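Down below is the structure, laid out as structure tokens.
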Amino acid sequence: MVRFKERYLLVNILHPEGAASTATKADKPASGILIYNQPTTDHVTPQSLLRAIRAQVATLFGDYGSGAVDRNLQVKYLSLATSTFILRVSRTHYRLVWAALTSMNELPAKNGSSCTLRVVRVSGTIRKIEEDAVRRAKQMMLAAKEEMAGKKPANDALGALFGTNDRGSGEFDLMDVDSGASEGEEGGSGD
Amino acid sequence: MLYDLNIPWSPTTSPQDLDRTLSFAHHLGYSVVALNHTLPPPIPASIPNPLPLLPPSPGRPTVLRRATIPISDPSTNHRLPQVAAAYDLVALRPTTERAFLAACTSLSSDNFALISLDLTAFYPFHFPPRTCMAAVSRGLRFEICYGQFLGAKKDDSRARSNFLSNVAGLIRATKGRGLVVSSEAGSALGLRGPADVVNLLAVWGLGTERGKAAMTENARGVVVNEGIRRRGFRGVVDVLGGAEGEEEREKTEVEGAGKKEKGKGKQKGQGKDKGQQQGQKRRSEEGEVAGGVEAPVSKRQAKKMKLAAQKGKPTEA
């Protein structure tokens, strides 16, 4: 019996408008990192999230898309405090789901605030995704602290230890996508 | 280095919104961003540049200023050279087949760098590969703005399908080369992370490698070319240092002239590249002087200098 191959997507919910009351309460202008990665206050459940993603896939890719994706789409983890969630998708069609995520711009809740979803990691195992989520959270905390304290980019030892600053992570994401894609193609031919 | 060469700007854009968009772009990892001002067709004689000139700061990407000119009839005067002088980057937005053909093949590519179609519109013509590749080989780039797709309203599926068919046509015509991807995002909400954009392009039929190149190398090529065209000498030689002293100039001149003839073996090793560059530059400016320094010249060299002298004369007279 051949195992069912999957992809796990680590997704960040970003709030570019920064409209929530928690951010504007502070007297001084909060740092960008804190605003964009603020906790999600809307009442989002894994079920509602799943429903929204399915609806988006259906509008973008129609019956074919929802048929391809629906069967094993699952929200493995949802943390509103860190605005992060992990999705499980079938490997052949993870790009469809990813495109649907990219084209969503509000949260699936009542008067959901506007947000963008950013896929920060694609992996074949959930363990790697978990490790990456923890690493990213730590890195973000450090970056936010630094930005609040000294307003200087992370160039010191800790920054080096936990990866790089923003621009570096962007490049890393590009690299990451590529590795996942080539892996998928190899595996696909093997099946 | 990630580039986003299209962030729309209009005189009604508030500085706060702009600031938020720019800082979010920085957060997503973009390092160079171009503010885009659309100039409606009857272009006045004097072209002021209303775009804000933002100095570089750590919380913000480098900001360039770009103009987009919708063009429907290529025979009317769009004052492209003047617009190009006023802005850092100029794009054309053809709306008809004639304008598209002219932008690809005949309009002088000195004055604009991008062909930015409104991909949500329906075009009653194909994008012929020969025309498109002619444009690419002239150094022009086609722009794909993913904001036109993401920003389309929920019920406006016609716009989305037009967009997809146009993108497929462009990718087919150019084989994925010579594309530049930018956002055209009205607000911070329309911006997406680079990895997401590459994935979107992959879904639309452009390979990940090409997609990455469209965000980094191709866009960088456009920016650097335009920069050199404005700063450098005839868009070929970039002037990096300031003016040198008289003595040093003479030395490099002799070196440069000596380097031209191969096999004589008189040149000195140091400062080769520098000498050569400056020798070339001077040759086109004052060909006779450089020619008079050394008596024995190769035939090829003599021919070159003759040509250069002929070229130089009409402009002097």
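As you go down the protein sequences, you meet chains C and F in turn.
Going left to right, the first sequence walks through residues 1 to 191 as the numbering used here numbers them.
Going left to right, the second sequence walks through residues 1001 to 1317 as the numbering used here numbers them.
No residue lacks a Cβ here, since even glycine has one placed at the ideal position from N, Cα and C.
Quantities reported herein were computed from a predicted structural model and do not represent experimental measurements.
Start and end residues, alpha helix (DSSP H) containing residue i
i	result
Tyr94 (chain C)	94-102
Arg127 (chain C)	126-149
Leu1101 (chain F)	1097-1101
Asn37 (chain C)	It is not in any alpha helix (DSSP H) - Asn37 (chain C) carries neither H nor E in the DSSP assignment.
Arg1172 (chain F)	1157-1174
Val1222 (chain F)	1217-1231
Val1203 (chain F)	1194-1204
Thr59 (chain C)	46-70
Ala109 (chain C)	Element bounds for Ala109 (chain C): n/a, residue is neither H nor E.
Leu1018 (chain F)	1015-1028
Pro1081 (chain F)	1080-1086
Beta carbon of residue i nearer than 9 Å to that of residue j
i	j	result
Gly1207 (chain F)	Ala1168 (chain F)	no
Met104 (chain C)	Leu117 (chain C)	yes
His1027 (chain F)	Tyr36 (chain C)	yes
Phe85 (chain C)	Pro39 (chain C)	no
Ala1173 (chain F)	Phe1127 (chain F)	yes
Leu10 (chain C)	Val122 (chain C)	yes
Leu1035 (chain F)	Ile1069 (chain F)	no
Gly1176 (chain F)	Arg1141 (chain F)	no
Ser1023 (chain F)	Thr59 (chain C)	no
Ala100 (chain C)	Gln56 (chain C)	yes
Ser1165 (chain F)	Asp1017 (chain F)	no
Tyr1146 (chain F)	Leu1200 (chain F)	yes
Pro1011 (chain F)	Ser1031 (chain F)	no
Asn72 (chain C)	Val89 (chain C)	yes
Cβ of residue i within 9 Å of any chain C Cβ
i	result
Phe1024 (chain F)	yes
His1037 (chain F)	no
Leu1150 (chain F)	yes
Asp1196 (chain F)	yes
Lys1154 (chain F)	yes
Chain F contact for residue i (CB, 9 Å cutoff)
i	result
Ser114 (chain C)	yes
Ile126 (chain C)	no
Asn205 (chain C)	What the structure shows of chain C is the stretch from 1 to 191, and residue 205 (chain C) is not part of that stretch, so it cannot be assessed.
Pro16 (chain C)	yes
Val120 (chain C)	yes
Ala99 (chain C)	yes
Thr24 (chain C)	With a pLDDT of 46 at Thr24 (chain C), under the threshold of 50, the predicted position of this residue should be treated as unreliable, though the coordinate-derived value follows. By this cut-off, Thr24 (chain C) is not an interface position.
Leu49 (chain C)	no
Arg135 (chain C)	no
Leu73 (chain C)	no
Thr102 (chain C)	yes
Ile33 (chain C)	yes
Arg91 (chain C)	no
Length of the line joining the Cα atoms of residue i and residue j
i	j	result
Val1090 (chain F)	Cys1132 (chain F)	18 Å
Leu1005 (chain F)	Val1180 (chain F)	8 Å
Met148 (chain C)	Ile33 (chain C)	10 Å
Glu6 (chain C)	Val119 (chain C)	16 Å
Thr1038 (chain F)	Ala1309 (chain F)	43 Å
Gly1211 (chain F)	Met1305 (chain F)	45 Å
Val1224 (chain F)	Met140 (chain C)	33 Å
Pro1052 (chain F)	Arg1065 (chain F)	8 Å
Leu1114 (chain F)	Asp1155 (chain F)	30 Å
Ser113 (chain C)	Gln1148 (chain F)	22 Å
Cys115 (chain C)	Asp1073 (chain F)	41 Å
Tyr8 (chain C)	Leu1119 (chain F)	32 Å
Residue i, buried or exposed, once every other Cβ within 10 Å from all chains shown has been counted against 16
i	result
Glu1217 (chain F)	exposed
Tyr1003 (chain F)	buried
Tyr1087 (chain F)	buried
Val97 (chain C)	buried
Ala81 (chain C)	exposed
Leu1240 (chain F)	exposed
Ser83 (chain C)	buried
Ala1135 (chain F)	buried
Arg136 (chain C)	buried
Gly1151 (chain F)	buried
Val1033 (chain F)	buried
Start-to-end residues for the beta strand (DSSP E) that takes in residue i
i	result
Ile1115 (chain F)	1114-1116
Tyr1123 (chain F)	Premise fails: Tyr1123 (chain F) is in no beta strand (DSSP E) and is neither H nor E.
Glu1143 (chain F)	1141-1145
Thr82 (chain C)	Unbroken run through Thr82 (chain C): none, as it is neither H nor E.
Pro1094 (chain F)	1089-1094
Thr1068 (chain F)	1062-1071
Ser1182 (chain F)	1179-1182
Beta-carbon neighbours of residue i, restricted to chain A and to distances below 8 Å
i	result
Arg88 (chain C)	Of the protein chains in this structure, namely C and F, none is chain A.
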